Amino acid sequence: MMTKSFTNITSALLALVVICSILLECCNANEKQKKFVPPGMNPDMFPEPDYDPQAPECTPLREPCGFYSFSLHGKTPFKWIKSWCRCGDNQECVYDRTDMKMRLYRQMCVSREQLQEREEEFERKYIYL
């Protein structure tokens, strides 16, 4: 009788560990999928940026970390244009501004702390429906 209850407890703990592992993996996947794109744009239209690991770090809020080119039709996916530098470990490459003449979305390095402050300010200003 004791071994049967021990087996039930063991299998319940094993199931709990498996479920927690699956949930943790799903949460990590959602965090990786978060993209910082121009306001009102579909994140699926933007390919994943690739950076040269040997490139020097960009000067935050000065040098662009990359660009997305776009067409005037707006139906084709954007193309990633690599920059000469990359963001540091504690920074994210995020949308900075649109250059209509060159048809580019300029991306800049922003520290994660500043990015979190921007998101909180945006959430206070705008109501999501």
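Numbering (the working numbering), first residue to last: 1 to 129.
Where is the CB? At the ideal position from N, CA and C, for every residue including glycine.
Note that the structure is a prediction, hence the values are computed from the model and not measured.
Which residues DSSP lists as bridging residue i, in chain order
i	result
C93	C109
T180	In the structure as shown, the chain begins at 1 and stops at 129. Residue 180 is therefore absent and cannot be evaluated.
Burial state of residue i, where buried means 16 or more other Cβ atoms lie within 10 Å
i	result
V88	Position check: residue 88 holds Gly in this sequence, whereas Val was assumed. Classification for G88: exposed.
R112	exposed
L72	exposed
M108	buried
L61	exposed
S11	exposed
C-alpha gap between residue i and residue j, whole angstroms
i	j	result
I81	T7	57 Å
P43	P77	10 Å
M45	F70	10 Å
Y51	M41	22 Å
A29	I22	Caution applies to A29, whose pLDDT of 46 falls short of 50 and renders its modelled position unreliable; the model cannot decide the point.
Opening and closing residue of the beta strand (DSSP E) in which residue i lies
i	result
C65	64-69
W80	79-82
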